[in-house]
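In this text, residue positions in the sequence shown follow the working numbering: the first is 1083, and each later residue adds one. Data first, discussion second: the structure below is written as structure tokens.
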Amino acid sequence: MVLTSLLDRRQQQLVVLLMVGTAYGIYGEGIIKTGNGNDQIIATSTLDGVQHKITIGGGINIALGAGNDYFKGFGEATVDGGDGFDTLDLKAFKRSELIVSGVNSGNTLNSANLTFNSNGNSISLSTTGFEKFIFADSSFCYSSLANGA
């Protein structure tokens, strides 16, 4: 992010120009471990009143642990819901906007890979251990996720 300020001498006002490539809710290369319990992670990004669809970057790994967890966000990351009934909130997208792969019906231990085409660039979220997937126009359990396109 580049922040530039200019002084408009005629009006004696400070004018701030914000030049932003992408704004993220979570960005990094490390690991976030929430431990056991009913955890919530909400990764959102709003700029100029517009909520962005891609809110995670850097290839971060997130492990939610045991419990009934809730995760909201999308981007280059790997998210493990762990044990319990876990929900992935993708309400920024209609189901038809995402390509789903890697689903093995009835086995939540396998990954569900969700890919979005953003101006010619593929952005993928790899998930494991989620039982419920919520989109802007529908909700699916893991076993029916691949059939929802």
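Think of the CB as a built atom: it goes at the ideal place given N, C-alpha and C, for glycine as much as any other residue.
Is residue i buried or exposed, if buried means 16 or more other CB atoms sit within 10 Å of its CB?
{"i": "residue 1185", "result": "buried"}
{"i": "residue 1088", "result": "Because residue 1088 carries a pLDDT of 34, less than 50, the predicted location of this residue cannot be relied on, and the following value inherits that uncertainty. With fewer than 16 other Cβ atoms within 10 Å, it is exposed."}
{"i": "residue 1218", "result": "exposed"}
{"i": "residue 1137", "result": "buried"}
{"i": "residue 1224", "result": "buried"}
{"i": "residue 1193", "result": "buried"}
{"i": "residue 1129", "result": "exposed"}
{"i": "residue 1127", "result": "buried"}
{"i": "residue 1287", "result": "No answer is possible for residue 1287: the residues shown for the chain start at 1083 and end at 1231."}
Could you give the C-beta distance for residue i and residue j, rounded to a whole number, given that I count them as a contact under 8 Å?
{"i": "residue 1181", "j": "residue 1159", "result": "That pair is no contact at about 16 Å."}
{"i": "residue 1125", "j": "residue 1108", "result": "4 Å"}
{"i": "residue 1169", "j": "residue 1212", "result": "7 Å"}
{"i": "residue 1140", "j": "residue 1110", "result": "5 Å"}
{"i": "residue 1208", "j": "residue 1195", "result": "5 Å"}
{"i": "residue 1175", "j": "residue 1135", "result": "6 Å"}
For the beta strand (DSSP E) containing residue i, name the first residue and the last one.
{"i": "residue 1160", "result": "1157-1162"}
{"i": "residue 1139", "result": "1138-1145"}
{"i": "residue 1152", "result": "1152-1154"}
{"i": "residue 1027", "result": "Absent from the structure is residue 1027, since the part of the chain shown begins at 1083 and ends at 1231."}
Could you check if residue i belongs to the surroundings of the ligand ZN, using beta carbon to heavy atom distance under 7 Å?
{"i": "residue 1141", "result": "In the structure on display, the ligand ZN does not appear, and there are no ligands present to speak of."}
Pair every Cβ in the stretch 1189-1197 with every Cβ in the stretch 1129-1149, then say whether three or more of these pairs are closer than 8 Å.
no
Which whole runs of the beta strand (DSSP E) in the stretch 1164-1226 are 3 residues long or more, in chain order?
1169-1172, 1181-1183, 1194-1200, 1203-1210, 1214-1217 and 1221-1223
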